[in-house]
Structure formats: C-alpha cells, structure tokens
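Numbering (my numbering), first residue to last: 97 to 296.
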C-alpha cells in the first residue's frame, strides 16, 4: 500500500510522466507507473473512507497536498485500460462531494472507456449528491456522460446516459443545467440514430 504520510512522489504529481504518457514515450515503464498510481489511488480511497469513520492523529499526504493529489488523478485517463476506469469509478464513489470530484468526473470523460459501465454507475450516484446550484460541475457531468456513451457506442450505454441526464431536467436545477442536459440528450439520441443508419 502507498505510504499516506510524508510527500507524494513527484512522478505522480509532476507533468513529466503525464507528458510521456500522452506522447507514448514510456515503453517498459508503463507497468511500474500504473502499479504505483493504482496503489496511491487505493491509499487515497482508504484514507478518505477512514477519515469519515475514525479520527486520525496525523493528516494524510493527500490532505496536505491537495494540488498534488489532483495532479495524480489526472494521470488516470492516460492509460486507457479497464483497470483505470474501475479505479476512477471507485474514487468517484468514495469522494462524495469532496474537493477532487470535479477532476474525477472530468477524468471519467477523458478516459471514456467503460466496458463494465462502472463509471456511468458512479456518475449516476454522484450527481444525486451534487448541489443543484453547482451549474459548472453538473454541466461537466453532462459532458462526461456523453463522452462515455459516444466512446462505448452501444444502446445500453445510450439508455443509461439518457436516464442520468433526464433527471437533470427537473425544475430544481438551474435553467442553464436543464438546457445543457437537454442538448446533451439530443446528442446521445443522434448517436443512436447514426448507429441505426449504419446497421441498415
């Protein structure tokens, strides 16, 4: 398990590794990097869970370095495997309405590969906890749902995505959110039509 006291490793928080992942220039290092990231994310989730149930005498490294933790999460979408999509889903569920939720929701959209539907499931749960006045985050959630639906390209994902977004049409949400959700629903409907046309 990743050490949760002290400092976050600069490989997790710096831009060099992220740039290497973006450019594909990492070769045999990928396995070690992915393992370190997974371990650190599991440690974060564990620290987050224990913080809600116990009183720690020492603050975890993740609380001490909020910006570094956010930067670490931004590596998750760079690997593009089902392992990372599961990690993102578990982190979203553990985060509640915490400070890293916007980054995690955005990472789900950047990853978009969601073979088990776990990221959509976590977004379904997360949006219920997001305050209705948090317009920007709810619009980001709409974008993320659309990105996953488009990438996965299957009717089951379209249905799930539409179910999530349809609830943002309720009157308690800001008119901007309702309008944005409506536009996103139309985009998902268009994906379904395109797919139906191609299958003829």
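In this text, a Cβ means the ideal position worked out from N, Cα and C, and glycines have one as well.
(request) Verify whether the separation of the beta carbon atoms of residue 132 and residue 108 is less than 8 Å. (result) yes
(message) Looking at residue 236: is its Cβ nearer than 8 Å to the Cβ of residue 202?
(response) yes
(request) Output the boundary residues of the alpha helix (DSSP H) element that contains residue 254. (result) 251-262
(message) Please list the terminal residues of the continuous alpha helix (DSSP H) segment that includes residue 235.
(response) 231-248
(message) The alpha helix (DSSP H) that contains residue 114, what's its start and end?
(response) 112-119
(request) Would you kindly report the start and end of the unbroken alpha helix (DSSP H) that includes residue 107? (result) 106-109
(request) Would you mind giving the Cβ-Cβ distance between residue 169 and residue 199, rounded to the nearest angstrom? I have them listed as a contact below 8 Å. (result) 5 Å
(request) Could you work out which residue in 161, 147, 144 and 118 is closest to residue 104 when comparing CA atoms only? (result) 161
(request) With a 10 Å radius around its C-beta and 16 neighbouring C-beta atoms as the bar for buried, classify residue 195 as buried or exposed. (result) exposed
(request) Quick one: grab the DSSP three-state call for residue 212. (result) coil
(request) Let me know if residue 257 comes out buried or exposed under the rule of 16 or more other beta-carbons within 10 Å of its beta-carbon. (result) buried
(request) Starting from the C-beta of residue 247, find all residues in its chain whose C-beta is less than 8 Å away, skip the five residues before and the five after it, and write them out in chain order. (result) 208, 209 and 210
(message) Assuming the contact rule is C-beta atoms closer than 8 Å, residue 215 and residue 173 should be a hit. Round their C-beta distance to whole Å, please.
(response) Rounded, the Cβ-Cβ distance is 11 Å, inconsistent with contact.
(message) Taking a contact to mean a Cβ-Cβ separation below 8 Å, would you say residue 188 touches residue 234 in this structure?
(response) no
(message) Using the Cβ count rule (16 or more neighbours within 10 Å means buried), how would you classify residue 243?
(response) buried
(message) Which residue wins for smallest C-alpha separation from residue 265, given the options 255, 254 and 280?
(response) 280
(request) Grab me the residues of residue 253's own chain with a C-beta within less than 6 Å of its C-beta, minus the 5 sequence neighbours each way, in chain order. (result) 245
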